[in-house]
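First comes the structure, then the notes that go with it.
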Amino acid sequence: MNEELVTALDVLERERGIDKDVLLEALEAALVSAFRRNFGATQNVRVVIDRSTGDIHVIGQRRVVEEVQDARMEITLAEAAALSADYQLDDIVETEVTPGAFGRIAAQTARQVVMQRLREAERGMIYEEFHSREGDIISGVVHRYEHRTAFMDLGRAEAVLLPSEQIPGESILPGARMKAYVVEVRRTTKGPQIMISRTHPGLLRRLLELEVPEIHDGTVEIKALAREAGSRSKVAVAARVEGVDPVGACVGQKAARITAISRELADEKIDIIAWDEEEVQFVARSLAPAKVLSVALEPDARAARVVVADYQLSLAIGKEGQNARLAAKLTGWKIDIKSEGGRP
C-alpha cells in the first residue's frame with residue numbers, strides 16, 4: 002500500500018495539480034484521528050509518512066517529569082535517560098507505537114482523504130472558472146424549476162436563476178436552452194453557487210457585443226443603456242470610425258441582428274439610438290419613436306423641457322410613462338414632456 006500511495010499521490014500532483022506535500026500533511030492529520038478512534042488511545046501522538054517510501058509511523062509523545070501521574074502522557078527522567086542522556090525535564094520523548102493492524106486503517110483513511118481533497122480541488126477549479134466570468138454571458142439548459150426558481154445545468158456546475166432575476170411573463174421550461182448574465186459566484190461548502198440574471202442590463206450589453214461584430218471589435222461603442230426587462234430597452238450607440246452607421250450596424254440587414262437579440266430576451270423591444278455629445282440632440286433622440294419639436298435644458302436642475310406635437314404626446318410618454326422613463330435613465334436628464342398646445 003505504501004508504494005501505491007506514493008505513486009498515486011505523484012499522479013494526482015502531475016495530472017490534477019494537487020500538491021503532494023499538502024495531501025500528505027492532510028493524511029497525517031487524519032491518521033492521528035483514525036489511530037485514536039480505532040485504538041482508544043488518549044496519548045499524544047503524531048503520524049509521520051516517509052515522503053520517499055510511503056512508510057507510515059505512529060510516534061507516541063510523552064513529557065519528561067519528576068513524578069509520573071499518567072504513564073500514557075508522561076515519563077520519568079530516569080526512564081528518559083535510559084533512552085538518551087540528552088533528555089531533561091519538560092522535554093518530549095518520542096517512541097514509535099505503530100500498531101500491527103494499522104496498515105488497513107491507513108489505507109481506508111488515505112482513500113477518504115484523497116477523495117475529499119479531489120472534491121475540494123474540483124470545487125476550487127470550478128469556482129475560479131466561473132468567478133472569472135462574473136459580468137459575462139453563459140449558456141445552459143434548464144434542468145429543473147422549483148418554487149419559481151430555475152436551475153441551469155452548465156456542465157460542471159449549476160446556476161441559480163431566482164424569481165426576481167427572471168424576465169416577467171417569460172415561460173421557463175425544463176430542457177430549454179437560454180443565455181444568462183453571471184451576477185455573482187459564491188463559495189459554499191457544497192461548491193460554488195453561481196447566481197445568474199435574465200433581467201440585468203449587462204445581459205443586453207453582452208448580447209449586443211456577441212451579435213454585432215462592430216461592437217465586439219470596437220468600431221461601434223455602447224454609450225448608454227436603459228432596460229426594463231421583458232418590455233423595452235433603449236441603447237445609445239456611437240461610431241468610433243468615420244463613415245460607420247452605428248444604428249444600422251446594431252439593427253443589421255432586415256433587422257436580423259436586433260431581432261435575434263429581441264427573441265433571446267422574450268421579444269423585448271429594443272430601441273437603438275444614435276448618441277450625440279450635444280445634449281439637446283441626444284435628449285430629443287432618446288424619446289424615439291416620438292418626434293420632438295424642441296428641447297430646453299436646465300443644467301443646474303439637470304432637467305429637460307421637451308415639446309412634441311399634440312398627436313405625438315402619448316407616443317413620447319409611452320404606456321404608463323415607460324418611454325419617457327427609459328429616456329430619462331438613458332440620458333441622465335429629468336424629462337418633462339408637453340404637447341405643442343401646452344398640454345402636459
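For the sequence shown, position 215 (counting from the first letter as 1) is numbered 216 according to the working numbering, and the numbering increases by one without interruption. Ideal placement from N, C-alpha and C gives every residue a C-beta, glycine not left out.
Proximity winner among the options, relative to residue i (alpha-carbon distances)
| i | options | result |
| --- | --- | --- |
| Ser34 | Val23, Arg47, Asp154, Leu24 | Arg47 |
| Ala107 | Asp154, Glu166, Leu6 | Leu6 |
| Asn324 | Glu210, Val66, Lys270 | Lys270 |
| Val65 | Met126, Arg286, Thr96 | Thr96 |
| Arg37 | Ile60, Ser315, Ser198 | Ile60 |
| Ile139 | Arg52, Asp87, Glu185 | Glu185 |
| Leu331 | Pro202, Ala82, Val69 | Pro202 |
| Ser287 | Glu299, Pro300, Ala305 | Ala305 |
| Gly141 | Lys180, Val49, Ile216, Phe103 | Lys180 |
| Val120 | Ile274, Ile197, Leu24, Asn39 | The displayed chain sequence assigns Arg, not Val, to residue 120. The shortest C-alpha separation from Arg120 is found at Leu24. |
| Glu299 | Asp311, Leu316, Ile274, Gly333 | Gly333 |
| Phe1 | Ala317, Ser198, Tyr128, Ile259 | Outside the modelled stretch of the chain, which goes from 2 to 345, sits residue 1, for which no answer is possible. |
| Arg134 | Arg207, Ala86, Ala122 | Arg207 |
| Ala160 | Val238, Arg63, Arg145 | Arg145 |
| Pro214 | Phe283, Ala240, Ile195 | Ala240 |
| Gly170 | Arg149, Ile216, Arg178, Gly342 | Arg149 |
| Leu226 | Lys255, Ala275, Glu212 | Ala275 |
| Ile338 | Val307, Arg303, Arg187 | Val307 |
| Arg105 | Tyr128, Leu90, Gly136, Leu32 | Leu32 |
| Asp51 | Glu4, Ser172, Ala261 | Glu4 |
| Asp137 | Ala9, Leu28, Glu210, Lys320 | Glu210 |
| Ala102 | Phe40, His132, Leu155, Leu163 | Phe40 |
| Glu278 | Glu243, Val242, Ser263, Ala237 | Ala237 |
| Arg118 | Ala177, Asp22, Leu327 | Asp22 |
| Asp154 | Pro164, Val98, Val143 | Val143 |
| Arg326 | Asp246, Arg228, Glu265 | Arg228 |
Residue i - containing alpha helix (DSSP H), residue span
| i | result |
| --- | --- |
| Gln62 | Where Gln62 is concerned, there is no enclosing alpha helix (DSSP H), although the beta strand (DSSP E) it sits in stretches over 57-66. |
| Ala9 | 3-17 |
| Arg174 | The sequence given here has Leu at residue 174, not Arg. Counting along the chain, Leu174 falls outside any alpha helix (DSSP H), and DSSP gives it neither H nor E. |
| Lys21 | 21-40 |
| Ile216 | 214-217 |
Buried or exposed (CB count within 10 angstroms, at least 16 for buried), residue i
| i | result |
| --- | --- |
| Val235 | Note on identity: in this sequence residue 235 is Lys, with Val being the wrong assignment. Buried, since its Cβ has 16 or more Cβ neighbours within 10 Å. |
| Met116 | exposed |
| Arg157 | exposed |
| Ile57 | buried |
| Tyr182 | buried |
| Pro100 | exposed |
| Thr110 | buried |
| Gln313 | buried |
| Thr190 | exposed |
| Gln70 | exposed |
| Ser232 | buried |
| Pro175 | exposed |
| Arg258 | buried |
| Asp272 | buried |
| Ala317 | buried |
| Gln113 | exposed |
| Pro290 | exposed |
| Val293 | buried |
| Val221 | buried |
| Glu166 | buried |
| Thr200 | buried |
| Arg187 | exposed |
| Ala328 | buried |
| Ala30 | exposed |
First and last residue of the uninterrupted beta strand (DSSP E) at residue i
| i | result |
| --- | --- |
| Gln194 | 194-198 |
| Leu162 | 159-162 |
| Ile223 | 221-229 |
| Ser234 | 233-240 |
| Ile50 | 45-50 |
Sheet register partners of residue i (DSSP bridge)
| i | result |
| --- | --- |
| Asp337 | Arg306 |
| Glu185 | Met196 |
| Lys180 | Ser140 |
| Val245 | Bridge partners of Val245: none, in fact. |
Practice item. Run through the segment 247-278 for me and flag every whole alpha helix (DSSP H) of 4 or more residues, listed as ranges in chain order. Key: Every unbroken stretch of the alpha helix (DSSP H) spanning 4 or more residues and falling wholly within the segment 247-278 is given here in chain order: 247-252, 257-265.
Check your understanding: Where in the segment 70-154 do unbroken runs of the alpha helix (DSSP H), each at least 4 residues long, occur, reported from the N-terminal end onward?
Key -> 78-84, 103-132
Review point. In the segment 272-325, which residue ranges form an unbroken alpha helix (DSSP H) of at least 4 residues, counting only runs that do not cross its ends?
Key: 280-287, 314-318
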